[in-house]
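Convert by adding 28 to the 1-based position in the sequence shown; the result is the number in the working numbering.
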Amino acid sequence: MSKKTLVIGASTDPSRYAFLAANRLLSHGHTIELIGRDQGQIGGNEIHTTKPALAGVDTVTMYISPKRQPEYYDYIVGLKPKRVIFNPGTENPEFEALLTQNKIEPLEACTLVMLSTGQY
29 MSKKTLVIGA STDPSRYAFL AANRLLSHGH TIELIGRDQG QIGGNEIHTT
79 KPALAGVDTV TMYISPKRQP EYYDYIVGLK PKRVIFNPGT ENPEFEALLT
129 QNKIEPLEAC TLVMLSTGQY
């Protein structure tokens, strides 16, 4: 089943985990939206440098450090995703508590591992 996923911290740098995750999500049949610092494309999908109005987001996967996350708190909560994945190095207890209060599941996990093991 396809899950629309927002990748925050997207990059066109092939050595970045966010780039690998975006491509792996596409190869597993998921629809992706991308937000990053720099414009570009991954798999024909534009990287937004702003916070676009989106609907139907199932999952948000984080690839930005906790210190950069507060500017996204209200935006992500407003998207009403089912879950937010905190990839290694992005764990943020403050944001995870806010998500839980808003009935959004926070997961400390790795998107790449979840996809490769069929747990996505």
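Even glycine gets a Cβ: it sits at the ideal position worked out from N, Cα and C.
Since this is a predicted model, take the numbers as computed values, not measurements.
Endpoints, alpha helix (DSSP H) assigned at residue i
i      : result
THR139 : 139 to 144
Residue burial classification, residue i (beta-carbon count within 10 angstroms, cutoff 16)
i      : result
THR118 : buried
GLN97  : buried
ALA38  : buried
GLU136 : exposed
ASN130 : exposed
Rounded C-alpha distance that separates residue i from residue j
i      : j     : result
MET29  : HIS58 : 8 Å
GLY64  : ILE36 : 6 Å
TYR148 : HIS56 : 10 Å
LEU53  : ILE60 : 7 Å
GLY72  : LYS32 : 15 Å
LYS108 : TYR91 : 19 Å
Opposing strand residues paired with residue i [DSSP bridges]
i      : result
PRO134 : VAL112
Same chain, Cβ closer than 6 Å to residue i, neighbours up to 5 away in sequence not counted
i      : result
ILE113 : THR89, LEU135, ALA137 and THR139
Endpoints, beta strand (DSSP E) assigned at residue i
i     : result
LEU34 : 33 to 36
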